[in-house]
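Okay, structure first, notes after.
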Amino acid sequence: MAQQLRTEGFDQFKGLKAGELFAMSLPFTPWELATTYPAMYIGKANRPRAEPYFEDILEGNTWDFFYLYNPRSLEEAPKLFVPTVQFEHFLRIVNALAGIRLTIPPGAPGSKFHLKFGEGGSPRPRFLGRSICESDFTNIRLKTPIHHDDDVGKGVSEAVIDDLVRKLHVLKFAKKEAKKEKNAKRREEANMRRLDGIRSVQRMLGLRPVAGVSARQVDIEQVIPHDRELDAVFAAVDIEVAEESHSVILEVGISILDTREVVNVPPGINAQNWSSLIEYHHLLVYETRFQRNYKYCHGCPDAFNFGTSETPRLGELTGRVRALLAQYTAAPASNPMQRNRTLILVGHDIAADLNYLQDIDVNPGQLPGFLGCADTKDMHQAWRSCPSGCNLGAVCGDLEIPTRNLHNAGNDAAYTLQAMLALAVRARIDEQQLEDGENSEAVTDMADKRVDFAEKFHEGRSERW
1 MAQQLRTEGF DQFKGLKAGE LFAMSLPFTP WELATTYPAM YIGKANRPRA EPYFEDILEG
61 NTWDFFYLYN PRSLEEAPKL FVPTVQFEHF LRIVNALAGI RLTIPPGAPG SKFHLKFGEG
121 GSPRPRFLGR SICESDFTNI RLKTPIHHDD DVGKGVSEAV IDDLVRKLHV LKFAKKEAKK
181 EKNAKRREEA NMRRLDGIRS VQRMLGLRPV AGVSARQVDI EQVIPHDREL DAVFAAVDIE
241 VAEESHSVIL EVGISILDTR EVVNVPPGIN AQNWSSLIEY HHLLVYETRF QRNYKYCHGC
301 PDAFNFGTSE TPRLGELTGR VRALLAQYTA APASNPMQRN RTLILVGHDI AADLNYLQDI
361 DVNPGQLPGF LGCADTKDMH QAWRSCPSGC NLGAVCGDLE IPTRNLHNAG NDAAYTLQAM
421 LALAVRARID EQQLEDGENS EAVTDMADKR VDFAEKFHEG RSERW
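So in the UniProt record's numbering the end of the sequence shown lands on 465, straight run, no missing numbers.
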């Protein structure tokens with residue numbers, strides 16, 4: 001098939017002499033765009049299979065090259081073009097050899113492969129020569145004619161010349177657009193991961209069914225309608241470090257919710273009933289108990305809102321943290337053959353806290369039953385459809401969770417877990433209202449709140465309120 005395709009002679013271009021024009025109706029593909037096609041338009045799966053053919057794009061393939069000078073910069077080397085029909089033909093050859101399906105992309109990205117010239121009297125590409133191998137290409141480039149009198153765009157409007165210059169620099173614009181599209185795709189993928197995070201938490205709380213099971217309505221005044229997935233234990237972790245030396249751990253906050261406790265308890269407004277089931281802990285390192293941060297945030301290590309702080313010595317901290325995180329998930333010593341229960345660590349922008357855990361020799365991957373993490377920053381960002389995440393205070397404010405003495409590790413861990421529960425419930429209720437479409441006032445109010453939050457977010461970011 002590929003060999004047969006390579007016998008195409010493109011007779012319509014035979015007999016052209018250097019500097020000669022072709023019909024205005026002929027669409028061209030910029031040579032720069034043709035050679036960068038794999039990097040810009042082929043996905044990771046097919047790129048390794050296609051790239052070798054693009055690396056040898058000049059060998060054994062017929063190319064009729066045309067050139068066009070920039071009328072505003074005639075001293076520059078002219079841009080090279082090939083007839084679009086030849087580039088499309090080359091893609092068919094690659095498809096036959098590699099067993100893939102490459103095409104010129106549809107829509108706006110594809111228009112850059114179908115450029116036409118001469119509109120409004122603008123200069124047009126002139127024939128340079130035919131190439132069937134790299135040495136041919138080198139030779140014809142060395143013989144590029146100087147610009148023709150008609151190539152300067154004399155008498156052509158500035159708007160037409162502007163359009164021509166854009167076409168000559170199409171690769172630069174194509175790269176920008178490709179980067180923009182790639183970034184948009186990444187944002188979409190990231191948002192899908194954040195949405196998946198909410199849904200995973202909802203399944204573990206019995207707010208959403210597992211795959212293959214029909215969904216039942218969630219009512220905040222009724223017990224959960226579905227079986228819990230994974231029999232999970234959620235443990236929110238927050239770690240405060242010295243602002244001048246992040247290797248110095250000052251406080252560790254741990255809040256724990258055993259999902260077995262929620263089975264017979266309706267979540268209530270903002271999951272308040274479930275928040276009352278949380279077990280709260282605050283570990284204040286004895287050796288640094290009087291040290292507090294004040295430059296970048298105002299620490300309040302002596303203001304734990306949810307009980308009495310513990311003051312383990314630094315040498316005892318690792319063991320105490322491990323014990324708290326394993327107390328509900330580790331198989332009992334009396335029955336070591338029993339499986340560990342699932343442990344989900346929860347945090348607000350949790351990556352930093354995971355690193356700090358490593359600093360005190362607590363490796364999450366070695367904790368009994370550890371499966372993964374839930375991040376309330378990501379959950380809130382997905383729920384509110386915000387371009388960026390917000391700090392914990394802003395998230396709690398948006399969820400109408402009252403807070404006091406933030407930047408105390410125990411309090412921050414507590415509010416993080418409360419926020420996770422509220423987000424899981426609120427997001428599921430919102431989703432039901434959108435699916436049902438019955439309560440238009442509630443749906444409108446929800447949309448208004450999202451717009452209001454987005455406006456506040458853009459006005460002053462989360463630190464303002």
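A virtual CB, placed ideally from N, CA and C, is assigned to each residue, including glycine.
Remember, predicted model here, so these are calculated numbers, not experimental data.
**Item:** Candidates Pro83, Glu134, Gly118 and Gln366: closest to threonine 329 by CA position
**Value:** By 1-based counting over the sequence shown, the position of residue 329 is 329. Taking only the C-alpha atoms, the option nearest threonine 329 is Gln366.
**Whole-number beta carbon distance between leucine 74 and alanine 382, since they are thought to touch under 8 Å** = In the sequence shown, residue 382 corresponds to position 382, counting from 1. In the sequence shown, residue 74 corresponds to position 74, counting from 1. The C-beta distance from alanine 382 to leucine 74 rounds to 53 Å, too long to meet the 8 Å contact threshold.
**Prompt:** For threonine 318, which residues does DSSP report across the bridge?
**Reply:** To locate residue 318, count along the sequence shown from 1; it is residue 318. The partner list for threonine 318 (beta bridge, DSSP) is empty, contrary to what the question assumes.
**Opening and closing residue of the beta strand (DSSP E) in which alanine 236 lies** = The count along the sequence shown starts at 1 and reaches residue 236 at position 236. 232–242 is the span of the beta strand (DSSP E), which, as asked, contains alanine 236.
**Alpha-carbon to alpha-carbon, asparagine 183 and asparagine 46** = For this step, residue 46 is matched to residue 46 along the sequence shown. For this step, residue 183 is matched to residue 183 along the sequence shown. Straight-line Cα distance between these residues: approximately 20 Å.
**Asked** Roughly how many angstroms separate the alpha carbons of aspartate 151 and tyrosine 69, rounded to a whole number?
**Response** Counted from its first residue, the sequence shown places residue 151 at position 151. Counted from its first residue, the sequence shown places residue 69 at position 69. So the alpha carbons of these two residues sit roughly 7 Å apart.
**Asked** Is valine 443 helix, strand or coil by DSSP?
**Response** On the sequence shown, position 443 is the one that residue 443 refers to. Because valine 443 sits at a pLDDT of 46, beneath the cut-off of 50, its placement in the model cannot be relied upon, and the point is left open.
**Message:** Does the beta-carbon of glutamate 435, which I'm using as the reference point, lie nearer than 7 Å to any heavy atom of the ligand NAP?
**Reply:** As presented, the structure is devoid of all ligands, the ligand NAP included, so that no description of it is given.
**Asked** What do you reckon, are the CB atoms on lysine 143 and leucine 33 nearer than 8 Å?
**Response** Within the sequence shown, the letter at position 143 stands for residue 143. Within the sequence shown, the letter at position 33 stands for residue 33. It is not a contact, given that the beta carbons lie outside the stated cut-off.
**Item:** Per DSSP, the bridge partner or partners of tryptophan 63
**Value:** Residue 63 sits at position 63 when you count from the first residue of the sequence shown. In DSSP, tryptophan 63 forms a bridge with Ser131.
**Prompt:** Looking at the unbroken beta strand (DSSP E) that takes in lysine 17, where does it start and where does it end?
**Reply:** Here residue 17 refers to the residue found at position 17 of the sequence shown. Boundaries for lysine 17: no beta strand (DSSP E) harbours it, and the DSSP string shows neither H nor E there.
**Asked** proline 145 and alanine 39 look like a contact to me (Cβ under 8 Å); what is the Cβ gap, rounded to whole Å?
**Response** Translated into the one-based positions of the sequence shown, residue 145 becomes position 145. Translated into the one-based positions of the sequence shown, residue 39 becomes position 39. Wrong, their Cβ atoms sit about 31 Å apart, outside the cutoff.
**Item:** Cα-Cα separation, glutamate 400 to isoleucine 269
**Value:** Stepping through the sequence shown from its first residue, residue 400 is reached at position 400. Stepping through the sequence shown from its first residue, residue 269 is reached at position 269. About 10 Å.
**Item:** Beta-bridge pairing of isoleucine 249 - partner residues as DSSP gives them
**Value:** Here residue 249 is taken as the residue at index 249 of the sequence shown, counted from 1. Partner(s): Val241.
**Request:** List the DSSP bridge partners of leucine 68.
**Result:** The residue labelled residue 68 in the question sits at position 68 within the sequence shown. In DSSP, leucine 68 forms a bridge with Lys79.
**Message:** If you follow the alpha helix (DSSP H) that threonine 416 is in, where does it begin and where does it stop?
**Reply:** Position 416 of the sequence shown holds residue 416. Threonine 416 -> alpha helix (DSSP H) spans 409–436.
**Prompt:** From this set, Ala413, Pro364 and Pro368, which residue's C-alpha is nearest alanine 333's C-alpha?
**Reply:** The residue labelled residue 333 in the question sits at position 333 within the sequence shown. Nearest of Ala413, Pro364 and Pro368 to alanine 333, Cα basis: Pro368.
**Message:** Suppose the cutoff is 7 Å on Cβ atoms and the five residues either side in sequence are ignored; what does the same chain contact list for leucine 26 look like?
**Reply:** In the sequence shown, the residue the question calls residue 26 occupies position 26. Its chain contains Pro83 as the residues whose beta carbon lies nearer than 7 Å to that of leucine 26, once the 5 sequence neighbours on both sides are disregarded; these appear in chain order.
**Cβ neighbours of glycine 410 in the same chain (closer than 6 Å, five flanking residues each side left out)** = The count along the sequence shown starts at 1 and reaches residue 410 at position 410. Excluding residues within five positions, the ones whose Cβ falls inside 6 Å are Gly253, His282 and Phe304.
**Asked** From alanine 215 to glutamate 229, what distance separates their C-alpha atoms?
**Response** To locate residue 215, count along the sequence shown from 1; it is residue 215. To locate residue 229, count along the sequence shown from 1; it is residue 229. Distance from the CA of alanine 215 to the CA of glutamate 229, rounded to the nearest whole angstrom, comes to 14 Å.
**Item:** Nearest residue (CA-CA) to glycine 393, options Ala414, Cys373 and Ala374
**Value:** Taking the first residue of the sequence shown as position 1, residue 393 is located at position 393. Out of Ala414, Cys373 and Ala374, Ala414 has the C-alpha closest to the C-alpha of glycine 393.
**Asked** Beta-carbon separation of leucine 343 and leucine 314 under 8 Å?
**Response** Taking the first residue of the sequence shown as position 1, residue 343 is located at position 343. Taking the first residue of the sequence shown as position 1, residue 314 is located at position 314. Using a Cβ distance threshold of 8 Å, leucine 343 and leucine 314 do not count as a contacting pair.
**Request:** Per DSSP, which residues does serine 29 bridge with? Please list them.
**Result:** The sequence position of residue 29 within the sequence shown is 29, counting from 1. Reading off the sequence, residue 29 comes out as threonine, not serine. When DSSP reads this structure, threonine 29 sits in a beta bridge with Val82.
**Request:** Report the partner residues of glycine 372 according to the DSSP bridge assignment.
**Result:** Numbered from its first residue, the sequence shown carries residue 372 at position 372. Answer by DSSP bridge pairing, in chain order: Ile344.
**Message:** On the DSSP bridge list, what partners appear for histidine 298?
**Reply:** Counted from its first residue, the sequence shown places residue 298 at position 298. Paired residues: none, contrary to the question.
**Asked** Since leucine 325 and isoleucine 360 are thought to touch, with beta carbons under 8 Å apart, how far apart are those beta carbons, to the nearest angstrom?
**Response** Within the sequence shown, the letter at position 325 stands for residue 325. Within the sequence shown, the letter at position 360 stands for residue 360. Between isoleucine 360 and leucine 325 the Cβ distance is about 12 Å, and since that is not below 8 Å, they are no contact.
**Item:** Residue-chain proximity (isoleucine 220, chain C), Cβ-Cβ < 8 Å
**Value:** Among the chains of the structure shown, chain C does not appear; only one protein chain is present.
**Request:** Determine the direct distance from the alpha carbon of leucine 80 to that of arginine 101, and round the result to whole angstroms.
**Result:** As a first step, residue 101 must be located in the sequence shown, where it is residue number 101. As a first step, residue 80 must be located in the sequence shown, where it is residue number 80. The straight-line gap from Cα to Cα measures roughly 26 Å.
**Asked** What three-state label does DSSP hand residue 474 in the structure shown?
**Response** Given that the chain is displayed from residue 1 to residue 465, the structure contains no residue 474 and the question cannot be resolved.
**Request:** Mind the definition here: the stretch 260–275 touches the stretch 239–247 only if three or more C-beta pairs lie below 8 Å; say whether that holds.
**Result:** These segments do not touch.
**Asked** Are cysteine 373 and glycine 347 touching if we call contact CB-CB under 8 Å?
**Response** One-based indexing of the sequence shown puts residue 373 at position 373. One-based indexing of the sequence shown puts residue 347 at position 347. Their beta carbons are under 8 Å apart, which means cysteine 373 touches glycine 347 by this criterion.
**Message:** Are the CB atoms of tyrosine 41 and proline 125 within a distance shorter than 8 Å?
**Reply:** Walking along the sequence shown from the start, residue 125 turns up at place 125. Walking along the sequence shown from the start, residue 41 turns up at place 41. Contact: no.
**Message:** Looking at the strands, I want to know which residues DSSP matches up with leucine 284.
**Reply:** On the sequence shown, residue 284 is found 284 positions in, with the first residue counted as 1. Its beta-bridge partners are Glu251.
**Item:** Contacting residues, own chain, Cβ-Cβ under 7 Å from glutamate 76 (five flanking each side not counted)
**Value:** As a working note, residue 76 is residue 76 in the sequence shown. Once the five neighbours on either side are set aside, the close Cβ partners of glutamate 76 are Asn70.
**Asked** How big is the Cα-Cα spacing for leucine 205 and glycine 212?
**Response** For the purposes of this step, residue 205 is identified with residue 205 of the sequence shown, where counting begins at 1. For the purposes of this step, residue 212 is identified with residue 212 of the sequence shown, where counting begins at 1. Going by C-alpha positions, leucine 205 is about 17 Å away from glycine 212.
**Asked** With DSSP run on the structure shown, which of helix, strand or coil describes leucine 74?
**Response** As a working mapping, residue 74 is identified with position 74 in the sequence shown. Under the three-state reduction of DSSP, leucine 74 is assigned to coil, being neither helix nor strand.
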